[in-house]
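The structure appears right after this line, and notes come after that.
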Amino acid sequence: MASYSHIIILWLYICNLISLSGQTSDCDIAGKNRILCNIESLTNGNLTINTDVEATKTLEVVCKSKEIAKIFPSANFIHLQNLEHLIIKNCSFLQIEQSALKGLKNLTILVIQGNSNKNRTHINENLFESTPKLHNIRIKMKIDQMPRRLLCNLHHLTILTLRGNFQYLDAIGCGENNTCCSQLNGLFFQNNKVKKIEGKDLELPYLQMLNLNFNGITEIKPGAFDNLQNLTTLFINHNKLVEINGNLLENTRILEILDLSFNKLRYLPKKIFQNLKTLKFLELNNNHLIFNQTSKDIFKTLHSLQEIDLSFNQIEYLPPGIFSGLTKLQNLLMNNNLLNQISDNDFLFLKVLQTLRINNNNVTKISKDAFKTLIELRQLKLSNNKLQNIPDLQKLKKLTKLSLGHNSITNIEPDCFLNSVQLRFLGLEDNKIQILRNSTFHTALNLTTIKLSRNDISFIEDGTFEVLKNLSNLYLAGNKITEMKSLFVTVKNNLTLNDNQIQEFEFTSIGDELKTINLDHNQLHKIQNPFFSSNDKLQHFSANNNQLEICSVSSFPESIKTIKMSNNSITKIDKFTIKVLPDLELVELKYNLISEISDNDFAFTNAQRELLYTVPVVDLGYNVLICSCKNNWMIKGNKFYPSVVLEEDQLCNVTYTRMKKYVTHLKILTIQKNQMMCENVETCLSQCRCFFNDELSIMDCFNVTWKQPTTILHENFTTIFFDGNTNIGSVVSRLLINSPILQTLYLNNSGLLIISKDMFQGVGGLKELYLEENQLEYISPDVFMNLPKLKILSLRKNKLQQPQFWIMALPHLSEITFSENNFVCDCEFVTSFQKWVTKHQKIKFHDLNVTYCEDSSVPIIYFNDSSCYEMINKEIQMVLIIAPTVSIFTFLIIFLIFLYLYRVEVKVWLYSKYGVRMFYNNDKDADVGKVYSAFISYASEDEQWMVENLLPQLEDYKLCIHNRDFPVGEFISDSIMSAVKNSCRTVILLSRHFLKSRWCQFEFDTAHLQSMQDKCKRLVVVRLEKMDESEIDKNVSAYLKTNTYLDINDAFFWDKLKYALPDLETVQE
């Protein structure tokens, strides 16, 4: 019969292997004879073990899915006949059938821990028939009750842990009154929902440990523990007990640990502990206990008690002799009660007491002999009381830790610590001590930590801490100390002096072995250099919230790791790299006034770089950084700097005045080198401002009235602005007589009437010259003979009549502008001008198509003087062809009149009909590479017109619309400048709303500036409504007076607009 059963088991095992073949293994070896399986869910046939199953002693199965299986798989472990430990975690089932553990005859430990779900699990009463050797069961699932006799056949069961929804102790599967589990040694029944314990619930005579914490127990019936004669540990903490029966523990005579904490007990029965002569640990904290005269014998028989915790109760009074029987008590904890005094006899019999904690009471008085018998006391804690004096400690010769913080102590008597030779820790923080004498600690020679923070200490006598050779930590924060001198040189580890009134720090005032010092919130204005300091162990220095003005890192010893000086008035980082600090990790300088840091102070040499273990981090967040050329660390380049930390998108203030007109701040993370300028106030002319960086040197003398004689410039500048000046013509030649590297000169709007031959004799390297908006009528052909390298010349808005460009000495000219002058066009001038333009194809004539003769609307380049042709005809055929000549002349006059009257319409018609741009030089090179055909600038009130009318007409063009194409999160000013720069044209939809919008005005100014910089006409103005001159901004008005704009009421408006936009062919390129 036995052999037959073996054959069946083997057959089932083979079938299981076949069913699992081809599956990917879910299990791995997790130790000797131990397998760990991570699976989705424990369903029938999904467990694959590709190892030696006979050698497997421990199996842990962890379910990854929260799926709830209806039934625990049947005989899923039948092939693991030698398994001893089975652990199932995070798996949930609605039902566990009889055959779930079939084949596990050697199983000794079973752990089933389901995941959290609302469904309850039902267990078959015969589940453990196949596992007779089980001695430890731990089940954590939502189970209301177990089958009544589930565990009755497990005669080896000694430890049972059940966590679920159990409401009754007699529902754990051990039969009536739990009699069939009498062999149990440990019952762990925490985190259930038991409300009441009946008198016969626990018939467990061999039970040694019972854990009932975190239930909802409100009542324990008399006799409930009568059959627990072998109980040594009892946990009933975190329940709702209001009272307990005086005979409850009568038969638990060998109990050693009892925890009744976190209940609602107010009184303890007089004889509750009478028979607990072996009790060692008693936890009664966090109840509502009070003592009266009848309580004096409650602990009398606890001769073996070593620790009692009475903290967080309502004890106001200690009856005389209440602790008289506790002759072996070592730890007495009475924190957070209502005691107001300690008398001579309260601790009289506690001769071996080592720890006494009475923090957070109302103690105002301690009698002189209160501690006289506590000769073994090591720790005394009396913090958060109302003491005005330090109690008598003469008998506490073994005291190592004394806590008296948060009291009202005003003075430390000279002999207070007379016999405290072993005292290591002294806590006197948050008292009212004012003076420390050199006799204060002269007998407590072994102190290592002293806490004196938040007192009223204003005077410390010299030598106060000198005798404390072992002092490691000294806390003096929040006092009124004004100077350090050499008071603290014996402190070895941590010195805390924050929130005092110290004004000056010297490294000679600290000891050689100090590692950390805190000087936050003082009045420090200076840190003296350590000329004589030998400290080589200081690692952390903090001086936040002071009045320091300079950060000199080189003052610190080589051992320093962190320096914190935030919230000071630091304007300069001095000699940061003059000395290598190999261990330096962080310098925190947030919220200071640092604007610039030069390379001399901040850049490491290659030799220094090799000596660094780590690159130090310098936190410069929330400083007033400027876009200075000295701040090369912002762009790094080829030099090596500390690792600078800034706030996200931190900005620097623009220094260059001309740039400030358009943008006041720049992002440090994206700043370019040429945007970083330094101001030169030493050699700059009065009334001017000078700026420079590695590439440029600029002098800006806008709107200055010059007087003779003036000085000669001795500083070499690359760019000079003399625009908006008066009388500049009479002094400029002397000013610039020694400026050989000058490359760009602006003389716009300076009232120049004439240019003398010697005006530019000292600027032979000049490449760009701007003479716009002056009163020039004539320019001598040899006026530029001293400018052989001139490339760009701008003569717009003068009164020139017939400048002879073609005979001027301009060999390298590449760009020229000359529109809005008073050109007088005769046959000779026009012919010469046209030949010159035609011959010099490499020169960019940016405004050629808008340069007209006086009283003419035809650009000079297309101008034909009929008088020249008439004179020629008369000389040749005066007599022979008079009539045809008159006819031809008349026809030409009519044609020219027609062409003049309808010149715009003709150009637009030719473009709209045939795509031909007559009389218009489309600068394709300038438009190629742009992202957009046009950037549409409009007020939000005009958006409907733009969407419904403009966009459908221009659907073939790629347009930039701000609410569609601007990047999210970018500064609006940056986005506007980018849109203008990357668009071939900027179309302004001019209206009253547009003129009221600050951003629209900024878009107009930006586009206008870009047009001037690009030297081409990129601005197209569309007037949406009629407006009076007074309504229009002066800059816009000035532009409209000198440039053509489009009116939406014009019949040819759309054709004209498209004509003003770039060619579609150019856009595609």
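Per this note's numbering, the sequence shown starts with residue 2, numbered consecutively. From the three backbone atoms N, C-alpha and C, an ideal C-beta is built for every residue, glycine too. Values in this document were obtained by computation on a predicted structure and should not be read as measured data.
Would residue i pass as a contact of residue j if the rule is Cβ separation under 9 Å?
{"i": "VAL490", "j": "ASN474", "result": "no"}
{"i": "PHE723", "j": "SER751", "result": "yes"}
{"i": "LEU261", "j": "LEU280", "result": "no"}
{"i": "TYR642", "j": "ALA604", "result": "yes"}
{"i": "GLY765", "j": "LEU736", "result": "no"}
{"i": "LEU424", "j": "ILE461", "result": "no"}
{"i": "GLN435", "j": "LYS402", "result": "no"}
{"i": "ASN495", "j": "HIS522", "result": "no"}
{"i": "PHE78", "j": "GLU98", "result": "no"}
{"i": "ASP463", "j": "LYS486", "result": "yes"}
{"i": "ILE316", "j": "ILE343", "result": "no"}
{"i": "SER543", "j": "ASN569", "result": "no"}
{"i": "ASN749", "j": "LEU767", "result": "no"}
{"i": "LEU290", "j": "LEU319", "result": "no"}
{"i": "THR572", "j": "GLN540", "result": "no"}
{"i": "LEU303", "j": "LEU283", "result": "yes"}
{"i": "THR132", "j": "SER93", "result": "no"}
{"i": "GLU514", "j": "ILE528", "result": "no"}
{"i": "LYS792", "j": "GLU821", "result": "no"}
Starting from residue i and walking both ways along the beta strand (DSSP E), at which residues does that stretch end?
{"i": "LEU743", "result": "LEU743 -> no beta strand (DSSP E), and no H or E assigned at all."}
{"i": "LYS527", "result": "527-529"}
{"i": "ALA980", "result": "It is not in any beta strand (DSSP E) - ALA980 instead sits in the alpha helix (DSSP H) that spans 973-982."}
{"i": "THR656", "result": "Unbroken run through THR656: none, as it is neither H nor E."}
{"i": "HIS666", "result": "666-668"}
{"i": "ARG1024", "result": "1020-1024"}
{"i": "ASN39", "result": "35-40"}
{"i": "TYR933", "result": "933-938"}
{"i": "LEU753", "result": "Here LEU753 belongs to no beta strand (DSSP E), and DSSP marks it neither H nor E."}
{"i": "ASP602", "result": "From DSSP, ASP602 is part of no beta strand (DSSP E) but of the alpha helix (DSSP H) over 600-603."}
{"i": "LYS141", "result": "137-141"}
Specify, as a first and last residue, the run of the alpha helix (DSSP H) that residue i falls within.
{"i": "GLN1002", "result": "999-1015"}
{"i": "LYS1042", "result": "1035-1043"}
{"i": "VAL616", "result": "Note, VAL616: premise wrong, no alpha helix (DSSP H); not H, not E."}
{"i": "VAL733", "result": "733-736"}
{"i": "ARG965", "result": "963-966"}
{"i": "GLN609", "result": "607-612"}
{"i": "ALA31", "result": "From DSSP, ALA31 is part of no alpha helix (DSSP H) but of the beta strand (DSSP E) over 28-32."}
{"i": "GLY1060", "result": "Per the sequence presented here, residue 1060 reads as Tyr, with Gly not at that position. 1054-1061 is the extent of the alpha helix (DSSP H) around TYR1060."}
Assign residue i to buried or exposed, taking buried as 16 or more other Cβ atoms, counted over all protein chains shown, within 10 Å of its Cβ.
{"i": "ILE977", "result": "buried"}
{"i": "PRO583", "result": "exposed"}
{"i": "TYR614", "result": "exposed"}
{"i": "ALA371", "result": "buried"}
{"i": "VAL554", "result": "buried"}
{"i": "ARG986", "result": "buried"}
{"i": "GLU559", "result": "exposed"}
{"i": "SER22", "result": "Note that SER22 has pLDDT 35, beneath the 50 cutoff, so the model's placement of it is unreliable and the number below is only indicative. Classification of SER22: exposed, given that the 10 Å Cβ count is below 16."}
{"i": "LYS382", "result": "buried"}
{"i": "GLU956", "result": "exposed"}
{"i": "THR891", "result": "exposed"}
{"i": "ALA1052", "result": "exposed"}
{"i": "ASN964", "result": "exposed"}
{"i": "ALA31", "result": "exposed"}
{"i": "VAL948", "result": "exposed"}
{"i": "ASN950", "result": "exposed"}
With respect to 8 Å, is the separation between the Cβ of residue i and the closest non-hydrogen atom of the ligand FMN below this value?
{"i": "ASP966", "result": "The ligand FMN is absent from the structure shown, which contains no ligands of any kind."}
Exercise. Let me know the beta strand (DSSP E) ranges lying completely inside the segment 66-120, each 3 residues or longer, listed in chain order.
Key: 69-72, 86-90, 93-97, 110-114
Exercise. Return the chain-ordered ranges of every beta strand (DSSP E) run that is complete within the segment 796-850 and spans a minimum of 3 residues.
Key: 816-818
Quiz item: Does the count of Cβ pairs from the segment 246-262 and the segment 218-230 closer than 8 Å reach three?
Solution: Enough Cβ pairs lie closer than 8 Å, so yes.
Quiz item: Per the contact definition of three or more C-beta pairs closer than 8 Å, is the segment 198-207 in contact with the segment 165-178?
Solution: yes
Exercise. Tell me the start and end of each unbroken beta strand (DSSP E) in the segment 229-311 that is at least 3 residues and wholly inside, in chain order.
Key: 234-236, 258-260, 282-284, 308-310
Quiz item: Using 8 Å as the Cβ pair cut-off and three pairs as the minimum, do the segment 963-974 and the segment 990-999 touch?
Solution: no
Exercise. Specify whether the segment 785-799 and the segment 829-841 touch according to this definition: at least 3 beta carbon pairs, one from each stretch, less than 8 Å apart.
Key: In this structure the segment 785-799 does not touch the segment 829-841; the number of beta carbon pairs closer than 8 Å is below three.
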